[in-house]
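What follows is a set of notes on a single structure, which appears directly below.
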Amino acid sequence: MNVVKHRLIGLAVFGFMVSGSVLADPVSTMPKDALTVQKAMRLLQNQGYYDFRKIKIEHDENEIEVEARNKLGNKVEVELDLFSGQILTIEHD
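Okay, so the sequence shown: first residue is 1 according to the UniProt record's numbering, each after it adds one.
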């Protein structure tokens, strides 16, 4: 009986250890010099874009994709360089 009790206690301790690592805060993979969503929005707002609907960071392509409206009120998808903030492409919907 004591052997079973010790094994159950050991399993419980192991379970808590494993669950603790699962609950840990995720490590940010965002490079320090990359634009934040707020900075990207500010850059676009300064150029007349507004009504931001979707903002997606594409780490593998080093881009930020933004769905918004341009100065004329047209729906557009703007792709920004993740590091410089330079507009790479603008697609009109």
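Glycine included, each C-beta is placed from N, C-alpha and C at the ideal position.
Quick caveat, the model's predicted, so the values are computed rather than measured.
- Residue state for D51 is assigned as strand, using DSSP reduced to three classes.
- In the structure shown, L44 falls within a helical segment according to DSSP collapsed to helix, strand and coil.
- E65: member of the beta strand (DSSP E) spanning 63 to 69, first to last residue.
- Distance from the CA of K56 to the CA of Q45, rounded to the nearest whole angstrom, comes to 17 Å.
- Excluding the 5 residues flanking it on each side, N74 has same chain C-beta neighbours closer than 8 Å at H92, D93, in chain order.
- K32 carries a coil assignment under DSSP once its states are collapsed to helix, strand and coil.
- Beta-bridge partners assigned by DSSP to K56: E65.
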